[in-house]
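Each residue of the sequence shown is one higher than the last, beginning at 1425 in the working numbering.
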Amino acid sequence: MEYISTRGMSPTTSSAGAIRTGMAPDGGLYIPTSIPTWRGPEPLSAAAYQGRAAWLLAEFLTDYTPGEITGSAAAAYSSEKFPEAVAPVRTLTPSIHVLELWHGPTSAFKDMALQLLPHLLRYAVAKGEKQQRTLILVATSGDTGKAALEGFRDVPGTEIVVFYPARGVSPMQQWQMVTQEGNNVHVVAVEGNFDDAQRGVKALFASRDFNAALARRGLQSSSANSINWGRLVPQLVYYFSAYTDLVARSIVRQGEPVDIVVPTGNFGNILAAFYALLMGLPVHKLVCAANANNVLVDFLRTGIYDRRRPFVKTLSPSMDILVSSNVERLLFELSGRDSRAVASWMESLAAEGAYDASSLTEQLTDIFWTDWAGDDETLQTIGRVYQEHGYLLDPHTAVAWSVYEKYAAARGSSCPAILVSTASPFKFNRSVALALLGEEGVQGKDEFELVDLLARHTGWPVPVPLRDLKGKSVRHKTVCSPGDMGKTVLSLLDQQAK
Ligand SMILES: *Cc1c(COP(=O)(O)O)cnc(C)c1O
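Spelled out as C-alpha cells, the structure:
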C-alpha cells in the first residue's frame, strides 16, 4: 500500500517512508491510497489487545514484516507498560460504555500511540537509505512530552529531547518530566512560554547548520507529533477493540451501530474513529465534544473553519487548541480526495485564519454531531457522575460526558455509545478534587496532597506511575533561553557521548 499527500504535490511513498518523514514535503499529510475493509469480528474476537493491534497495523503497514508488526505491538502494549489492562470498556449505564485509554505509563491516552510509534519509527529508519540514528525533538505543553519520553526511552537508535516552557506546565506534569529515567532522554526547560518552545523546535527542524551538526554525529531529526501517520494508525485499534468487546458481552450484535463520543483537541483521536468508520466499523454518529475553544463545533455544523477568536484557557487544557491539524485529512476524504481543494483551503487558513468548506456541510452533519461544554458544566458533570455512578471523570472526559447528554437529549439515544476517556482523573487532580470537595477542600494543598486526598475520599487507587513519582529524584535540570535551544541539544548529546 502506498501513501500520498493530501496536497497532491509530493511523490508517493511507502508506509515506512510516511512514518520516517512525518509530514509530506509539500506541507500536506500522508494518507494511504486505499482504505482496507473490516469484514467482521473474526480476526479480533479471540485476540488480546496486542493481537488486535497487529491485525490492524498489518492492514496499513504493508511494507513491514509480520515479525516487525507483532514484535512492535507486543512490546508497546506489554503487561509491564499496561499492568491492569490496555483499553478496557466500562459499562456505566445501559447506553454509556466508557473506553478507558489511560492505563499506560503516563496516565493519558497519548500513550496508546506513543508507546508504539518508537518501534514503528525504528524499523522505518532501518528500511530507509540512510541508516542514521534518529533524534526526536518535542515541544510540549504537558501530556505529549511525558508520553513521548516514556515511549522513546531506551529504544535503540533513538535519542529524544523534550522542551517544556519553564512556567507553562502544571507541577505534576513538570515533576513527571524532570524525573524521567532512561539512557537516551533529555528534558530542557525553556525560559519562555509554549509558543517560544514550539517556535524554537520548528526553527531547529528548518536549520541547515543544526541538521549538518546532527549529521556529523550520525543523527537525523524527526518529530513525534500527531500529524505522523504512525501516531494515527495505533489509534484506530481501540475502536475495533471496544466494539468487539461490546459484541462479546452481547451489548450489540455484530453489525449493529454504536455512537462514538470523543473529547477533541487536535482532531487526531476522532479522526481515527472516522477511519474506523470508513473501514466498516458500524458507527451511527461520531460525537465531537469540544470545550470553550469551540472552533470545531462551528466547523462541523457549517463547513466554515474560522480560528479568528480568542484562545481560552480551560480546565481541559489538552483540548485548548484553535488549529486542529488533522482536519486536513477529513477534508481530503470528504471532498472525494480533491487535493487541489484541500491545498486552497489550507492556504486560506494560513493567510486569513479561515476557510469555507461549506460544500461539505451535508456530509459533515450526516457523520458528526457536535457541541461543547464550559468549565462550569465540566465541574458539575464530574461531581454528578461521581454521585450517581461512583465513577471519576477527568475534566476532558467530563466534557465528552456533558456533550453526550446534550446529544441524547436532542436526538434520543437509539444505540449504545462508546465514550472515550482520555486521562486518569488523578492526572488532573486539582480540578477533580475541586468538583468533589469545593474550593475549601483544595485550598493550599500541593499536587501530592491532592492525589492522596482524592484517593482517600473516593477509595480509587492512585495509578502506579503517578504514585511512584513522589519518591523519584530530579534527573534533568537544564534550562536554556529560546535562542540557545540548538546549542543546548548539541551539548547534551556531546556530554552523553563522553
Ligand atoms: C491530547 C488529548 C486530547 C485531545 O485529543 P486529540 O487527538 O488532540 O483531539 C483529549 N484529552 C486528553 C487528556 C489529551 O491528552
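In this text, a Cβ means the ideal position worked out from N, Cα and C, and glycines have one as well. Note that the structure is predicted; figures quoted are calculated from it, not measured.
Is it the case that the Cβ atoms of residue i and residue j are separated by a distance below 8 Å?
| i | j | result |
| --- | --- | --- |
| Tyr1588 | Gly1606 | no |
| Ser1565 | Gly1592 | yes |
| Leu1877 | Ala1857 | yes |
| Ala1797 | Val1823 | yes |
| Gly1575 | Gln1539 | yes |
| Tyr1427 | Gly1446 | no |
| Val1686 | Ala1697 | yes |
| Glu1615 | Val1903 | yes |
| Ser1748 | Phe1756 | no |
| Ala1499 | Ala1563 | no |
| Gly1910 | Ser1631 | yes |
| His1521 | Ala1841 | yes |
| Val1827 | Ala1666 | no |
| Met1433 | Pro1456 | no |
| Lys1830 | Asp1795 | yes |
| Thr1668 | Leu1468 | yes |
| Gly1704 | Ile1443 | no |
| Gln1597 | Leu1893 | no |
| Gly1692 | Ser1650 | yes |
Does ligand 1 have a heavy atom nearer than 7 Å to the CB of residue i?
| i | result |
| --- | --- |
| Ile1684 | no |
| Ser1594 | no |
| Phe1698 | no |
| Asn1690 | yes |
| Ser1650 | yes |
| Ile1806 | no |
| Asn1693 | yes |
| Pro1580 | no |
| Phe1533 | yes |
| Ser1855 | no |
| Pro1687 | yes |
| Asp1567 | yes |
| Ser1665 | no |
| Thr1882 | no |
| His1527 | no |
| His1708 | no |
| Ala1847 | yes |
| Ser1826 | no |
| Met1536 | no |
| Ser1742 | yes |
| His1813 | no |
Looking only at DSSP bridge pairs, what is residue i linked to?
| i | result |
| --- | --- |
| Pro1490 | Note: Pro1490 sits in no beta bridge, so no partner. |
| Ile1684 | Leu1710 and Ile1842 |
| Ser1826 | DSSP output for Ser1826 lists no bridge partner at all. |
| Arg1514 | Val1522 |
| Pro1887 | Paired residue(s): none; Pro1887 is not in a bridge. |
| Ala1778 | Asp1730 |
| Asp1795 | Ala1713 |
| Thr1437 | Tyr1427 |
| Val1903 | Ala1613 |
Can you give the beta carbon distance from residue i to residue j, rounded, assuming they're within the 8 Å contact cut?
| i | j | result |
| --- | --- | --- |
| Lys1709 | Trp1793 | 5 Å |
| Asn1928 | Leu1660 | Residue 1928 cannot be examined here, being either before or after the span of the chain that is shown, 1425 to 1922. |
| Leu1523 | Tyr1662 | 6 Å |
| Ala1590 | Ala1613 | 4 Å |
| Thr1486 | Ser1439 | 7 Å |
| Glu1778 | Arg1731 | Note on residue identity: the sequence assigns Ala, not Glu, to residue 1778. So it is a contact: roughly 7 Å between Cβ atoms. |
| Thr1688 | Ala1716 | Contact flag wrong, Cβ pair sits at about 13 Å. |
| Ala1482 | Pro1490 | 7 Å |
| Leu1573 | Val1625 | About 15 Å; that fails the 8 Å criterion. |
| Leu1890 | Ser1503 | At roughly 19 Å, the Cβ-Cβ gap does not stay under 8 Å, so Leu1890 and Ser1503 are not in contact. |
| Phe1664 | Arg1476 | 6 Å |
If I follow the unbroken beta strand (DSSP E) through residue i, where does it start and stop?
| i | result |
| --- | --- |
| Gln1644 | Leu1643 to Ser1646 |
| Arg1731 | Run containing Arg1731: none; DSSP gives neither H nor E here. |
| Tyr1454 | Tyr1454 to Pro1456 |
| Glu1583 | Thr1582 to Pro1589 |
| Leu1559 | Arg1557 to Ala1563 |
| Ser1748 | No beta strand (DSSP E) holds Ser1748; DSSP gives it neither H nor E. |
| Ser1429 | Tyr1427 to Ser1429 |
List the endpoints of the continuous alpha helix (DSSP H) containing residue i.
| i | result |
| --- | --- |
| Leu1949 | Lying outside 1425 to 1922, the shown extent of the chain, residue 1949 is not represented and no answer is given. |
| Arg1632 | Arg1632 to Arg1640 |
| His1926 | Since the first residue of the chain shown is 1425 and the last is 1922, residue 1926 is not available in this structure. |
| Glu1757 | Val1751 to Leu1758 |
| Asp1818 | Premise fails: Asp1818 is in no alpha helix (DSSP H) and is neither H nor E. |
| Ala1664 | Position check: residue 1664 holds Phe in this sequence, whereas Ala was assumed. Where Phe1664 is concerned, the enclosing alpha helix (DSSP H) stretches over Pro1658 to Ala1672. |
| Val1611 | Looking at the DSSP string, Val1611 is not in any alpha helix (DSSP H); the run it does join, the beta strand (DSSP E), is Val1609 to Val1614. |
| Tyr1473 | Tyr1473 to Phe1484 |
| Trp1599 | Pro1595 to Val1602 |
| Thr1461 | Element bounds for Thr1461: n/a, residue is neither H nor E. |
| Leu1695 | Gly1692 to Met1703 |
| Glu1871 | Glu1871 to Thr1882 |
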